Amino acid sequence: MPTNEDLAELLFPDVTLTIDDLEKRYPARQLPEGAQVTRFAPSPTGFLHTGSLFTALISYTIAKKSGGVYFFRLEDTDTKRTIEGSGDLLIRELAEFGIVADEGYFPDGDKGEYGPYQQSKRRDIYRAVIKELIKRGRAYPDFCTPEDLDAIRKFQEANKILPGYYGDYARDRNLTVEERIKRIKEGTPWVIRFRSNGNHDQKTKFVDAIRGEIELQDNDTDVVILKSDGLPTYHFAHVCDDHFMRTTIITRGEEWIPSTPIHLDMFRALGWKAPKYAHIPSIMKLDHGNKRKLSKRKDPEAAVSYFLDMGYCPRALLVYLMSIANSNFEEWSIAHKSFDLSAFPFSMKKISMDGALFDEGKLNYFGKEVIASLPLNELFAEVSSYAKAHDAEFYARIEKEPEYVKRILNIEKDRKTPRKDYAKYSDIYPLIRYFFRDEWEKIEASGIPFSDKVDRATVKKVLLELSDKMEFGVDEATWWNGVKKIGESYGFAISNKDYKANPSAFTGSISDCAELLRLAITGSTQSPNLHEVLEILGKAEVAYRLGKVAASL
RNA sequence: GGCCCGUUGGAGAAGUGGCUUAACUCAUAUCCCUUUCAAGGAUACAUUCAUGGGUUCGAAUCCCGUACGGGUCACCA
0 MPTNEDLAEL LFPDVTLTID DLEKRYPARQ LPEGAQVTRF APSPTGFLHT GSLFTALISY
60 TIAKKSGGVY FFRLEDTDTK RTIEGSGDLL IRELAEFGIV ADEGYFPDGD KGEYGPYQQS
120 KRRDIYRAVI KELIKRGRAY PDFCTPEDLD AIRKFQEANK ILPGYYGDYA RDRNLTVEER
180 IKRIKEGTPW VIRFRSNGNH DQKTKFVDAI RGEIELQDND TDVVILKSDG LPTYHFAHVC
240 DDHFMRTTII TRGEEWIPST PIHLDMFRAL GWKAPKYAHI PSIMKLDHGN KRKLSKRKDP
300 EAAVSYFLDM GYCPRALLVY LMSIANSNFE EWSIAHKSFD LSAFPFSMKK ISMDGALFDE
360 GKLNYFGKEV IASLPLNELF AEVSSYAKAH DAEFYARIEK EPEYVKRILN IEKDRKTPRK
420 DYAKYSDIYP LIRYFFRDEW EKIEASGIPF SDKVDRATVK KVLLELSDKM EFGVDEATWW
480 NGVKKIGESY GFAISNKDYK ANPSAFTGSI SDCAELLRLA ITGSTQSPNL HEVLEILGKA
540 EVAYRLGKVA ASL
């Protein structure tokens, strides 16, 4: 009588590695008490998803906070969906956010003692474990074709029976070893399925680090663990890899909750201690009044690169995501005047259980706060690298006059309440174009939108006199007094109250006078502090602009 | 359809039986400050915690049902 032992040898004659060998090869990690080992394990099927960044941020934070290890594993077992080079893309994008793994897969080679960190290179490990599972009778070769499975499912659906490969519907579950050996020798294609001992009428409980106790129906389906292409399925690879990589807590999307009993079932069958689980909520979006998961295909904001291309500061996105993960982050951040995520006392229990709606308004708020908090040199460096990649025109100007651009970026920056008008780097150039002569010429050519409040002849005279008499190199109060004096001589009320009390007695209020100046210099009724703008442009440039505008009136 | 998870203001949410006349942040509105804007300051914005029952002297907080939303039932992860 042939045994499972014989079956295993027939299936994997070349496998001599054992689970014992593997246990020795990947010894328990020597980590301090409480240190957590976490991981980010994406499949290389495209760009970095916003939800993935969220999960990665949480994994990374848990490891760092506990003095543990955060590693990166590439789950490339789905050869059909794998996109060449996307694993490296993922790493690069993560790196932009400062999320760099302690160990794992890297474009230039693995780092760490628990590798390989790429599932397609772990075939020997999976095969070794599966061989033993077969010997123990906990896994078996299954000969169903896709058509067979389809027929089973159709039958179940038609009869309103729970679909799946389990119990009586697990066609090849109870084949004799002899029969299996015979079919294999005949060359029948096979996959390996896990033999579940579970009872669907019973419950399995596990404690989720975010949700607390979750109770689910026990797994009783015999899932495929080794596909016909020789690669494992996620279910098996997760159990195997996270055991031998000594992961202590699995952070993954909440869509995995329903399959957790399968994983627990396998951990039990292998006699391994299951890790803790933390199922992270998905980030949602409102679509026609309904919440739905951010979609890779439909939503541009599902791609992290969208924010990078838009010029959001990576830290702003990270800070925003952290405010979703732990809503008390905002209070902490304000109290400590800091956006340093590594200093924030992150708590897994404070992660909310339902998916947050992505709120671009709030991202913008953080964007402004973060950019305003950046020291000038850092801001300048970030803006330069953004412009280099996304805005050739702006970048050319930065290259040509770095100090000039720095002065512009520094406007109202060193105050107790710094200027906050850039939510993202792409907001900057359109707002500061007028600082450059040729751009200003274009603005001027299209017509300065003076209001009709003050007649043009007066406007012209005021601008000319301003050009002639305005002081440069003095403090703001002195400069402003000078402007007021000139304004007053043309009938502008220096006090807004006086003006409001009797508008007809004046040419306008002093703000109207300032508006003329502002309009001529910047082309807009809105600008940052005029005095600083004037000082940056310099007397000659201001005189040029004023003269040219006046001449056109 | 089965199973699981969730439901506090426009958004993120605090709150786990009396201290809540429901914190804080964003958004919005109004006002103040002000040479414009961005800020900054102040005020307003849930008579009520999806809903119906129940437990209790007392419930957003505990229990049950219902509704709604999300997820999952692959040789995809």
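Each residue of the first sequence is one higher than the one before, starting from 0 at the first, in numbering that gives the first Met the number 0.
All C-beta atoms in this analysis are idealised placements derived from N, C-alpha and C, irrespective of residue type, glycine included.
Computed from a prediction, not measured in an experiment: that's the story for all the values here.
Could you work out which residue in the options is closest to residue i when comparing CA atoms only?
{"i": "valine 461", "options": "Tyr364, Tyr428, Lys292 and Leu518", "result": "Leu518"}
{"i": "glutamate 400", "options": "Ser425, Phe435 and Pro374", "result": "Phe435"}
{"i": "valine 223", "options": "Leu529, Ile261 and Tyr433", "result": "Ile261"}
{"i": "alanine 302", "options": "Gly97, Gly45 and Lys547", "result": "Gly45"}
{"i": "valine 36", "options": "Gly366, Ile410 and Ala277", "result": "Ala277"}
{"i": "leucine 47", "options": "Ile82, Gln29 and Lys63", "result": "Ile82"}
{"i": "cysteine 312", "options": "Ser337, Pro344, Glu368 and Ile323", "result": "Glu368"}
{"i": "leucine 430", "options": "Arg414, Glu329, Val404 and Asn289", "result": "Val404"}
{"i": "proline 43", "options": "Asn3, Ser85 and Thr524", "result": "Ser85"}
{"i": "lysine 297", "options": "Asp286, Met265 and Gly103", "result": "Asp286"}
{"i": "tyrosine 25", "options": "Ala268, Trp479 and Arg245", "result": "Arg245"}
{"i": "tyrosine 424", "options": "Asp451, Gly446, Gly366 and Ala476", "result": "Gly366"}
{"i": "histidine 237", "options": "Glu178, Asp264, Asp451 and Lys184", "result": "Asp264"}
{"i": "aspartate 241", "options": "Lys272, Ala380 and Gln216", "result": "Lys272"}
{"i": "leucine 174", "options": "Thr524, Leu378, Phe142 and Asp217", "result": "Phe142"}
{"i": "arginine 210", "options": "Gly354, Ala40, Tyr364 and Leu378", "result": "Gly354"}
{"i": "proline 274", "options": "Ala268, Ile282, Pro257 and Thr250", "result": "Thr250"}
{"i": "phenylalanine 205", "options": "Arg267, Ala342 and Pro31", "result": "Arg267"}
Comparing the CB of residue i with every heavy atom of the ligand SAM, is any distance shorter than 7 Å?
{"i": "threonine 44", "result": "For the structure depicted, the ligand SAM is absent and the ligand set is empty, with no information on it obtainable."}
In angstroms, rounded to a whole number, what distance separates the CA positions of residue i and residue j?
{"i": "glycine 310", "j": "proline 140", "result": "53 Å"}
{"i": "alanine 422", "j": "leucine 375", "result": "16 Å"}
{"i": "phenylalanine 554", "j": "arginine 126", "result": "Outside the shown range of the chain (0 to 552) lies residue 554, about which nothing can therefore be said."}
{"i": "glycine 490", "j": "glycine 507", "result": "7 Å"}
{"i": "glutamine 155", "j": "lysine 361", "result": "48 Å"}
{"i": "glycine 481", "j": "histidine 530", "result": "12 Å"}
{"i": "leucine 373", "j": "isoleucine 427", "result": "14 Å"}
{"i": "lysine 64", "j": "glycine 33", "result": "10 Å"}
{"i": "lysine 181", "j": "arginine 170", "result": "17 Å"}
{"i": "alanine 7", "j": "alanine 150", "result": "29 Å"}
{"i": "alanine 259", "j": "lysine 153", "result": "The sequence as given places threonine at residue 259; alanine does not occur at that position. Approximately 25 Å, taken between the alpha carbons."}
{"i": "valine 14", "j": "aspartate 207", "result": "36 Å"}
{"i": "alanine 456", "j": "leucine 552", "result": "7 Å"}
{"i": "arginine 91", "j": "glycine 111", "result": "19 Å"}
{"i": "lysine 419", "j": "glutamate 398", "result": "25 Å"}
{"i": "tyrosine 305", "j": "leucine 9", "result": "51 Å"}
{"i": "isoleucine 493", "j": "tyrosine 394", "result": "42 Å"}
{"i": "phenylalanine 555", "j": "arginine 396", "result": "Past the boundaries of the shown model lies residue 555; the chain is included only from 0 to 552, so the question cannot be answered."}
{"i": "serine 326", "j": "phenylalanine 345", "result": "10 Å"}
{"i": "alanine 500", "j": "aspartate 451", "result": "21 Å"}
{"i": "glutamate 359", "j": "alanine 138", "result": "49 Å"}
{"i": "glycine 166", "j": "arginine 172", "result": "8 Å"}
Can you have a look at residue i and say buried or exposed, based on whether 16 or more other CB atoms are within 10 angstroms of its CB?
{"i": "proline 299", "result": "exposed"}
{"i": "leucine 161", "result": "exposed"}
{"i": "aspartate 200", "result": "exposed"}
{"i": "methionine 0", "result": "exposed"}
{"i": "lysine 284", "result": "buried"}
{"i": "asparagine 289", "result": "exposed"}
{"i": "arginine 414", "result": "exposed"}
{"i": "proline 257", "result": "exposed"}
{"i": "proline 41", "result": "buried"}
{"i": "leucine 356", "result": "exposed"}
Flag this pair as yes or no: are the beta carbons of residue i and residue j separated by less than 8 Å?
{"i": "glycine 486", "j": "isoleucine 520", "result": "no"}
{"i": "aspartate 101", "j": "valine 68", "result": "yes"}
{"i": "lysine 347", "j": "isoleucine 61", "result": "First, the residue type needs correcting, since residue 347 is methionine and not lysine in the sequence shown. In contact: methionine 347 and isoleucine 61 (Cβ atoms closer than 8 Å)."}
{"i": "serine 466", "j": "alanine 542", "result": "yes"}
{"i": "asparagine 495", "j": "glutamate 411", "result": "no"}
{"i": "leucine 21", "j": "phenylalanine 243", "result": "yes"}
{"i": "valine 176", "j": "threonine 49", "result": "no"}
{"i": "tryptophan 439", "j": "arginine 544", "result": "yes"}
{"i": "aspartate 511", "j": "valine 453", "result": "yes"}
{"i": "serine 553", "j": "glutamate 329", "result": "With the chain covering 0 to 552 only, the question about residue 553 has no answer from this structure."}
{"i": "isoleucine 18", "j": "valine 128", "result": "yes"}
{"i": "leucine 52", "j": "leucine 320", "result": "yes"}
{"i": "lysine 202", "j": "glutamate 212", "result": "no"}
Segment contact flag, the region 380-396 with the region 323-337, C-beta cutoff 8 Å, min 3 pairs: no
Three-pair Cβ contact test at 8 Å for the region 62-81 versus the region 289-296: no
Given 8 Å, three or more beta-carbon pairs between the region 49-63 and the region 91-111: yes
Sufficient close CB pairs (3 or more, under 8 Å) joining the region 143-155 to the region 102-121: no
Inter-stretch contact at 8 Å, needing at least 3 Cβ pairs: the region 132-139 / the region 182-201: yes
Stretch pair the region 227-234 + the region 277-286: three plus CB contacts closer than 8 Å: no
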